[in-house]
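Take a look at the structure set out below.
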Amino acid sequence: MSRSHPKERQPRWKTALEWAWQWLIFYGAVLLFVGKVEKEELLLGIPVAALGATASQIVWESRLARFVPRLRWVLQGWWLPLYMFTGTWEILVVLARHLFTRKKAESLLFAVPYEAPGHEEDAEMLRALAIGYTTMTPNFIVVGIDHERKLLLYHQIKQSDVLEMTKKLGARP
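In our numbering, each number is its position in the sequence shown, counted from 1, plus 635.
Written out as structure tokens, the structure reads:
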């Protein structure tokens, strides 16, 4: 859907349609999040989704935040299911060692060279995707990006290579 400039008022029906579309997405997300479909969840999801859709519409129309990433960056998310599996396995191995041997779990902090090329808007979107996608995996938590030193800081329980997805989003190990 295209968005008109905030000074150019779009027809109310179009705004209502956009809000309804966002409400459906938020409602579906609420139901996925709670993981069950019962009367209470169905009813509570209605106002929660309405609040989310309203907030989203306000931010979108006021242009407080702009997020229009390149398709190839967004498509890096296809790696996530694989990384969820391998990362969960890494964490379970560390947990088993921690519980059943004398080898305790480590808490590791690493930095990897990171540069988001392009103009500032592109760089911001690339950083947002790199942080969000990488942190979704079980063994990586991105702590932040040091802009001066051009480093991506992350925490791990078990040391492993920087994810291919993160490399394609700007990490340069």
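Using N, Cα and C, we set each Cβ at its ideal position, and we do this for glycine too. Quantities reported herein were computed from a predicted structural model and do not represent experimental measurements.
Inset, instruction - Could you say which of Gly722, Glu673 and Glu676 lies nearest to Pro773 if we only look at CA atoms? - result: If you number the sequence shown from 1, residue 773 lands on position 138. With distances taken between Cα atoms, Pro773 lies closest to Gly722.
Inset, instruction - Keeping to the same chain, check which residues put their C-beta closer than 6 Å to that of Val665; ignore five residues upstream and five downstream. - result: In the sequence shown, counting from the first residue as 1, residue 665 sits at position 30. Within the same chain, Gly680, Val683 and Ala684 come within 6 Å of Val665 by CB-CB distance, once the 5 residues on both sides are set aside.
Inset, instruction - Identify, in the order they occur along the chain, each residue of the same chain with its Cβ nearer than 8 Å to the Cβ of Val669, setting aside the five sequence neighbours on each side. - result: Within the sequence shown, numbered from 1, the residue matching residue 669 stands at position 34. Shown here for Val669: same chain residues with a beta carbon closer than 8 Å to its own, the five before and five after excluded, namely Glu676 and Gly680 in chain order.
Legend entry - 8 Å Cβ shell around Val709 - same chain, five flanking residues per side excluded: Reading the sequence shown from its first residue, position 74 is the one you call residue 709. So the qualifying residues of the chain are Leu764.
Legend entry - Pair within 7 Å by beta-carbon distance, Leu788 and Val778: Taking the first residue of the sequence shown as position 1, residue 788 is located at position 153. Taking the first residue of the sequence shown as position 1, residue 778 is located at position 143. Closer than 7 Å, so yes.
Legend entry - Three or more C-beta pairs below 8 Å linking the segment 738-754 and the segment 689-697: The segment 738-754 makes no contact with the segment 689-697, as fewer than three CB pairs between them are under 8 Å.
Inset, instruction - Check Asp757 in the structure and name its three-state DSSP category. - result: In the sequence shown, the residue the question calls residue 757 occupies position 122. Looking at Asp757 - three-state DSSP - the assignment turns out to be helix.
Legend entry - Candidates Glu725, Leu659 and Tyr662: closest to Lys793 by CA position: Stepping through the sequence shown from its first residue, residue 793 is reached at position 158. The candidate whose alpha carbon is nearest that of Lys793 is Glu725.
Legend entry - Rounded C-alpha distance that separates Lys649 from Pro716: Within the sequence shown, residue 649 is the residue found at index 14, counting from 1. Within the sequence shown, residue 716 is the residue found at index 81, counting from 1. Spanning the two alpha carbons is a distance of roughly 35 Å.
Legend entry - Closest Cα partner of His790 within the set Glu799, Ile766 and Lys802: Position 155 of the sequence shown, counting from 1, holds the residue named residue 790. Relative to His790, the option among Glu799, Ile766 and Lys802 whose CA is nearest is Ile766.
Legend entry - Cutoff 6 Å; reference Tyr662; Cβ partners in own chain excluding five residues on either side: Here residue 662 refers to the residue found at position 27 of the sequence shown. Cβ contact annotation for Tyr662 (same chain, cutoff 6 Å, sequence separation greater than five): Gly680 and Ala684, in chain order.
Legend entry - Cα-Cα separation between Lys739 and Leu727, rounded to whole angstroms: The sequence position of residue 739 within the sequence shown is 104, counting from 1. The sequence position of residue 727 within the sequence shown is 92, counting from 1. Distance between the alpha carbons of Lys739 and Leu727 is about 13 Å.
Legend entry - Cα-Cα separation, Lys803 to Trp656: Here residue 803 refers to the residue found at position 168 of the sequence shown. Here residue 656 refers to the residue found at position 21 of the sequence shown. If I take the Cα positions, the gap works out to 31 Å.
Legend entry - For Gly687 and Leu667, the rounded distance between their alpha carbons: Indexing the sequence shown from 1 puts residue 667 at position 32. Indexing the sequence shown from 1 puts residue 687 at position 52. Straight across, the Cα-Cα distance linking Leu667 with Gly687 is about 15 Å.
Inset, instruction - Drop a sphere of 10 angstroms on the beta-carbon of Met719, count the other beta-carbons inside from all chains shown, and report buried for 16 or more, exposed for fewer. - result: Here residue 719 refers to the residue found at position 84 when the sequence shown is read from its first residue. Exposed, since its Cβ has fewer than 16 Cβ neighbours within 10 Å.
Inset, instruction - Taking the CB atoms as reference points, tell me whether Gly712 and Tyr768 lie closer together than 7 Å. - result: Position 77 of the sequence shown holds residue 712. Position 133 of the sequence shown holds residue 768. In terms of Cβ geometry, Gly712 and Tyr768 form a close pair [threshold 7 Å].
Legend entry - From Arg705, Ala731 and Glu741, residue whose alpha carbon lies closest to that of Met760: The residue you call residue 760 lines up with position 125 of the sequence shown. The option with the nearest alpha carbon to Met760 is Arg705.
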